[in-house]
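Going line by line, the protein sequences match chains A and B.
Using our numbering, the letters of the first sequence map in sequence onto residues 1 to 548.
Using our numbering, the letters of the second sequence map in sequence onto residues 1001 to 1239.
Beta carbons are placed, not taken as given, at the ideal position from N, Cα and C, and that holds for glycine.
Heads up, the thing below is written out as structure tokens.
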Amino acid sequence: MILNDLIAIKEKEIAGRKKIILRCCLAAGCMSSDSKGVKEQLDKAVADAGLQNEVEVRGVGCMKLCCEGPLVAVEPENALYVKVTADNAPLIIGALKGSKAAIPQADPNSAFFAKQLSIVLANSGIVDPERIESYIAMDGYQALHEVLHEMTPKDVVETMVKCGLRGRGGAGFPTGLKWGTVAKSPGAKKYVVCNADEGDPGAFMDRSVLESDPHSVLEGMAIAAYAVGADQGFIYVRAEYPLAIARLQIAIKQAKTMSLLGSGIFESPFNFNVDLRIGAGAFVCGEETALMMSVEGKRGTPRPRPPFPAESGLFGCPTLLNNVETFANVPAIYRKGAEWFAGIGTEKSKGTKVFALAGKIKNTGLIEVPMGTPLRTIVEEMGGGAPDGGTIKAVQTGGPSGGCIPSQHLDTPVDYESLGKLGSIMGSGGMIVMDQTTNMVEIARFFMEFCMDESCGKCIPCRAGTVQMHHILDKIVNRKATARDLAKLEELCDMVRNTSLCGLGQTAPNPTMSTLRFFRNEYEALLQSDPHGAQANGTANKTELGTK
Amino acid sequence: MAAKTLTIDGKQISAEEGATVLQAATEAGIPIPTLCHLEGVYDMGACRLCIVEITGIPKLLPACTTKVAEGMEIKTNSERLRKYRRMILELLFAERNHVCAVCVSNGHCELQTLAYSQGMEHVRYDYTFPKWNLDTTHRLFGMDHNRCVLCNRCVRVCWHIEGAGTKNVSGRGAKSRIITDLNMPWGDADSCTECGKCVMSCPTGALFNKGSTVGEMERDRDKLEFIVNAREKKQWIAD
Ligand SMILES: Cc1cc2nc3c(=O)[nH]c(=O)nc-3n(C[C@H](O)[C@H](O)[C@H](O)COP(=O)(O)O)c2cc1C
Ligand code: SF4
Ligand code: SF4
Ligand code: SF4
Ligand code: FES
Ligand code: FES
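Here it is, written out as structure tokens:
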């Protein structure tokens, strides 16, 4: 494969395009409401109408407005049918010839779509994720070619530093810095690992990227591997994502067949292979050191850092570990340049962020917005606000490691620093909207229960601390707790976050602490008066409960 | 090897490069409480009792896995650390059923000793009273899960000193449990060589020699160190 071959594939693919393209979502959301049946019936209806030469029915990835699925988009007409059933297929085909289809449509120019800026999801819902040619037609693998032939690994790292991309797995660590560290770590063997464990409740960004555009992740990994000097990659995907796994397998096979993975890629000395590793369902295996243990076939428990994976990771070798969305940003950055990417977003948070919008909100689905977009724009304009005349009470970001941002702070721009200041985190992109009926103490208990169940059990503060914190939260919800219990809870929050071994324990108190910060009255309203004398107003006798 | 100078609790000391903060402190006669640490096997930083404060590092770090560095300023015994350690111990006592009065290790138990030394007077958390069983299927040894603190010492000695790989952890969180072979009764675990090293390593009364009654179970920890020294440093003397 040389550049001309790649361009020839692209041109052939474009030249072969039919006049009308029906894009039918075949990502997990719509598949769960039988979009596969819709696609089959559309194919049949096209054949029945004898339109095979004019109409292509293309299975694509997520088209973002998942709550209205199954979705079918018509090109070039720019219509977007929603809640399509298999029976609707003949109507949709009929409408191509002018008859009006009585099927509900969404407005592709509404705020939900208009306010999005797609980098990571640029191909999502457009390309057929099971055909590499479809990705190549969108300039796929051109960035890899350019990197291999026009740039030294050092240049590649420098571009990454310059563009300002930060890790999308949660903590927002500067990606260029990480690549540079791995590149500098001595070692003949290095690895690149893609973290696709995505375990936050309510989050499905990474799943959608893998189901909708797997090649962008593979290309991103290959570019990263060249930059750091690795020749082997692993993608660690959770077993609960069978469709993502299947599409990755297809993508890897197709890339190998075209020598876009394997030995001597683009006739250069660069070799890179990618293998899948399937997770067995533990949230903690998303933590990088636990993930690497799991890839090695061991029990997935975190270990103390340092050493960081960049120095000593998988099988003791320097390892670059990035999130799915981080890798998916990479090809566009090299195609369009660091300056282009650095021009999007805020001063310290560059580019876009994908969120899985869920909860008490009209439009749920996937959104990608520039960093710095105010929360209000996301939930009120794009999300359409709370359904059924409700009012938004809070927005939860960062899942079990994050916090709840109350409605009075909805004008906060979405970037790493601003969310951090409010006691939440950007997290990997779960965004759960809560309305006035939500009980914040129950929310805190829900996330604490999650952390308690998912604690690996290695270190005592997290293993036993989450049990006690959950127990106290449960007592509060059931109106059995006193102000002393609340003081004990706060003391435990402080201890567990400061003494736990890994991020799971260190952040497990966050949802509790953030709801205590903004909704303390809800906790206090549930307290009983203390039989031992302290008042049920949260001002427990702290000297007694504290250090003795 | 190059020496590093550092300050621990205001005392200037020097330590070999590559040494842990725990080793440096121990050498200088500064006690740091530990539970999962065991001489002879690698450290895993699990119990968090040995956490220390290091100037310039916002996070607390475990002394047993943190390497010394030039100019480090370490505090091992601040009010905050003492409070956290007491809370960790309280959590442990509330987690399983540590009824010391009827334990084979009463009086020789590291958990008990730690509670005394750290000034833990009572447990302010609700006991969880979980139901754990007793495995007495082995010819020589027994395991009482009620007293296990999941320090992992038995697992590490079984794998890395004895090389048998009988002991392991199954489950996660508070449901984690030490198992033998593929979660079978210890007596049926074929890989067990009956060496007894796990029993020697256990800090509490969880692992015991059969036939010991209350307070009788004392452990010969030096034997483990002796074996490791013999193997790694070719030193055949017990001290
Ligand atoms: C308990 C826990 C779970 C995590 N789960 C994930 C996950 O599912 N996906 C992910 O990309 N990162 C996860 N992380 C963060 C990773 O440890 C790591 O920081 C990240 O994958 C690095 O990639 P990035 O630099 O591209 O963000 C998790 C961290 C913790 C502590
Ligand atoms: S903080 Fe929790 S998940 Fe992390 S190592 Fe400790 S017990 Fe395991
Ligand atoms: S007696 Fe020896 S071999 Fe058997 S479980 Fe204990 S350490 Fe392992
Ligand atoms: S059985 Fe003993 S040595 Fe093993 S983990 Fe439990 S307390 Fe530690
Ligand atoms: S899954 Fe079909 S639109 Fe998102
Ligand atoms: S002795 Fe250091 S963490 Fe247990």
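Report yes if the C-beta of residue 352(A) is less than 8 Å from at least one heavy atom of ligand 4; otherwise report no.
Along the first sequence, read from residue 1 onward, the residue named residue 352(A) stands at position 352. Answer for residue 352(A): no, Cβ out of range of ligand 4.
What in chain B is Cβ-close to residue 459(A), meaning under 8 Å?
For the purposes of this step, residue 459(A) is taken as residue 459 along the first sequence, with counting starting at 1. 1045, 1046, 1047 and 1048, listed in chain order.
If we cut at 9 Å on Cβ distances, does residue 1176(B) have a partner in chain A?
The count along the second sequence starts at 1 and reaches residue 1176(B) at position 176. For residue 1176(B), the answer is yes, since a Cβ of chain A falls inside 9 Å of its Cβ.
Quick one, are the C-beta atoms of residue 1038(B) and residue 1156(B) less than 9 Å apart?
Taking the second sequence and counting its residues from 1, the one referred to as residue 1038(B) is at position 38. Taking the second sequence and counting its residues from 1, the one referred to as residue 1156(B) is at position 156. Residue 1038(B) is a Cβ neighbour of residue 1156(B), given a cutoff of 9 Å.
Compare the C-beta of residue 199(A) with all C-beta atoms of chain B and state if any pair is closer than 9 Å.
In the first sequence, residue 199(A) corresponds to position 199, counting from 1. Judged by the 9 Å Cβ criterion, residue 199(A) is not in contact with chain B.
Do residue 198(A) and residue 428(A) count as a contact pair if the criterion is CB distance below 9 Å?
Along the first sequence, read from residue 1 onward, the residue named residue 428(A) stands at position 428. Along the first sequence, read from residue 1 onward, the residue named residue 198(A) stands at position 198. Contact annotation: residue 428(A) and residue 198(A) have beta-carbon atoms nearer than 9 Å.
According to DSSP, residue 232(A) sits in a beta bridge with which residue or residues?
Taking the first residue of the first sequence as position 1, residue 232(A) is located at position 232. 191(A) and 273(A), per the DSSP bridge assignment.
Expected contact under 8 Å - CB spacing of residue 339(A) and residue 120(A) to nearest Å:
Here residue 339(A) corresponds to residue number 339 of the first sequence, with the count starting at 1. Here residue 120(A) corresponds to residue number 120 of the first sequence, with the count starting at 1. Their Cβ separation, rounded to whole angstroms, is 19 Å, which puts residue 339(A) and residue 120(A) out of contact at 8 Å.
CB of residue 302(A) to nearest heavy atom of ligand 6: below 8 Å?
In the first sequence, counting from the first residue as 1, residue 302(A) sits at position 302. Checking every heavy atom of ligand 6 against the Cβ of residue 302(A), none is found closer than 8 Å.
Which residues does DSSP pair with residue 106(A) in a beta bridge?
The sequence position of residue 106(A) within the first sequence is 106, counting from 1. 80(A).
So, using beta-carbon positions, are residue 501(A) and residue 306(A) closer together than 9 Å?
As a working mapping, residue 501(A) is identified with position 501 in the first sequence. As a working mapping, residue 306(A) is identified with position 306 in the first sequence. No, Cβ-Cβ distance for residue 501(A) and residue 306(A) is not below 9 Å.
Tell me which residues share the same chain as residue 422(A) and place their Cβ nearer than 8 Å to its Cβ, disregarding the 5 neighbours each side in the sequence.
Indexing the first sequence from 1 puts residue 422(A) at position 422. Contacts found: 403, 405, 409, 412 and 514.
Under 8 Å Cβ-Cβ, which residues of chain B neighbour residue 321(A)?
Here the question's residue 321(A) lines up with position 321 in the first sequence. Within chain B, no residue comes near residue 321(A); the closest Cβ sits about 20 Å away, beyond 8 Å.
Report the neighbours of residue 1126(B) on chain A: residues whose CB is nearer than 8 Å to its CB, in chain order.
On the second sequence, residue 1126(B) is found 126 positions in, with the first residue counted as 1. Simply 468 and 471.
Taking just the CA atoms, how far does residue 59(A) sit from residue 133(A)?
The residue labelled residue 133(A) in the question sits at position 133 within the first sequence. The residue labelled residue 59(A) in the question sits at position 59 within the first sequence. Their Cα atoms are separated by approximately 14 Å.
Residues in the region 514-532 of chain A having any Cβ partner in chain B nearer than 8 Å:
Against chain B - using a Cβ distance shorter than 8 Å - the region 514-532 of chain A contributes no residues.
Going by beta-carbon coordinates alone, are residue 20(A) and residue 55(A) separated by less than 9 Å?
For the purposes of this step, residue 20(A) is identified with residue 20 of the first sequence, where counting begins at 1. For the purposes of this step, residue 55(A) is identified with residue 55 of the first sequence, where counting begins at 1. For residue 20(A) and residue 55(A), yes; Cβs fall inside 9 Å.
Presumed contact (8 Å Cβ cut-off) between residue 441(A) and residue 523(A), rounded CB distance
As a working mapping, residue 441(A) is identified with position 441 in the first sequence. As a working mapping, residue 523(A) is identified with position 523 in the first sequence. Sure, about 6 Å apart at Cβ, within 8 Å.
Three-state secondary structure assigned by DSSP to residue 168(A)
Numbered from its first residue, the first sequence carries residue 168(A) at position 168. DSSP places residue 168(A) outside both helix and strand once states are collapsed to three, so it counts as coil.
Best match in 1047(B), 1078(B) and 1161(B) for proximity to residue 1065(B) [C-alpha to C-alpha]:
Taking the first residue of the second sequence as 1, we reach residue 1065(B) at position 65. Here the closest residue by C-alpha is 1047(B).
Cβ-heavy atom distance between residue 401(A) and ligand 1 below 8 Å?
Here residue 401(A) refers to the residue found at position 401 of the first sequence. Within the chosen limit of 8 Å, ligand 1 reaches the beta carbon of residue 401(A) through at least one heavy atom.
Just to confirm, are residue 371(A) and residue 353(A) a CB contact at a threshold of 9 Å?
For the purposes of this step, residue 371(A) is taken as residue 371 along the first sequence, with counting starting at 1. For the purposes of this step, residue 353(A) is taken as residue 353 along the first sequence, with counting starting at 1. It is a contact, given that the beta carbons lie within the stated cut-off.
Mind checking the region 1141-1160 of chain B against chain A and listing, in chain order, the residues whose C-beta falls within less than 7 Å of any C-beta there?
1150
Looking at residue 108(A) and residue 80(A), is the spacing between their C-beta atoms short of 9 Å?
Within the first sequence, the letter at position 80 stands for residue 80(A). Within the first sequence, the letter at position 108 stands for residue 108(A). Less than 9 Å divides the Cβ of residue 80(A) from the Cβ of residue 108(A).
Would you mind listing the alpha helix (DSSP H) stretches within the region 237-270 of chain A that are 4+ residues and don't spill past its ends, in chain order?
242-257
Let me check one thing: in DSSP terms, what residues is residue 355(A) bridge-paired to?
Indexing the first sequence from 1 puts residue 355(A) at position 355. Answer is 367(A), bridged to residue 355(A).
Does the pairing of the region 470-488 of chain A with the region 253-267 of chain A give three or more beta-carbon distances under 8 Å?
no
Can you find the residues in the same chain that come closer than 8 Å, C-beta to C-beta, to residue 1179(B), ignoring five residues on each side of it along the sequence?
Mapped onto the second sequence, residue 1179(B) falls at position 179. So the list reads 1167, 1168, 1169 and 1170, once near-sequence residues are dropped.
Can the beta-carbon of residue 450(A) be found closer than 9 Å to that of residue 283(A)?
Taking the first sequence and counting its residues from 1, one reaches residue 450(A) at position 450. Taking the first sequence and counting its residues from 1, one reaches residue 283(A) at position 283. Judged by beta-carbon spacing, residue 283(A) lies within the 9 Å limit of residue 450(A), meaning their Cβ atoms are closer than that value.
Using a Cβ-Cβ cutoff of 8 Å, what residues of the region 413-440 of chain A are near chain B? List them in chain order.
none
Quick check on the DSSP output: the alpha helix (DSSP H) that includes residue 148(A) runs from which residue to which?
For the purposes of this step, residue 148(A) is identified with residue 148 of the first sequence, where counting begins at 1. Per DSSP, residue 148(A) belongs to the alpha helix (DSSP H) from 142-150.
Is residue 1197(B) buried or exposed, if buried means 16 or more other CB atoms sit within 10 Å of its CB?
On the second sequence, position 197 is the one that residue 1197(B) refers to. The residue is buried, with at least 16 neighbouring Cβ atoms inside 10 Å.
Starting from the N-terminal side, write out each stretch of the alpha helix (DSSP H) that is 4 residues or longer and does not extend beyond the region 1146-1229 of chain B.
1153-1160, 1197-1201 and 1221-1228
Report the residue from 267(A), 492(A), 458(A) and 181(A) whose alpha carbon sits nearest the alpha carbon of residue 1177(B).
Locating residue 1177(B) in the second sequence gives position 177, counting from the first residue. With distances taken between Cα atoms, residue 1177(B) lies closest to 458(A).
In the DSSP assignment, find the beta strand (DSSP E) that holds residue 1007(B) and state where it starts and stops.
The residue you call residue 1007(B) lines up with position 7 of the second sequence. Where residue 1007(B) is concerned, the enclosing beta strand (DSSP E) stretches over 1003-1008.
In angstroms with no decimal places, state the Cα-to-Cα distance between residue 1004(B) and residue 495(A).
Residue 1004(B) sits at position 4 when you count from the first residue of the second sequence. Residue 495(A) sits at position 495 when you count from the first residue of the first sequence. Each residue's Cα considered, the two are about 31 Å apart.
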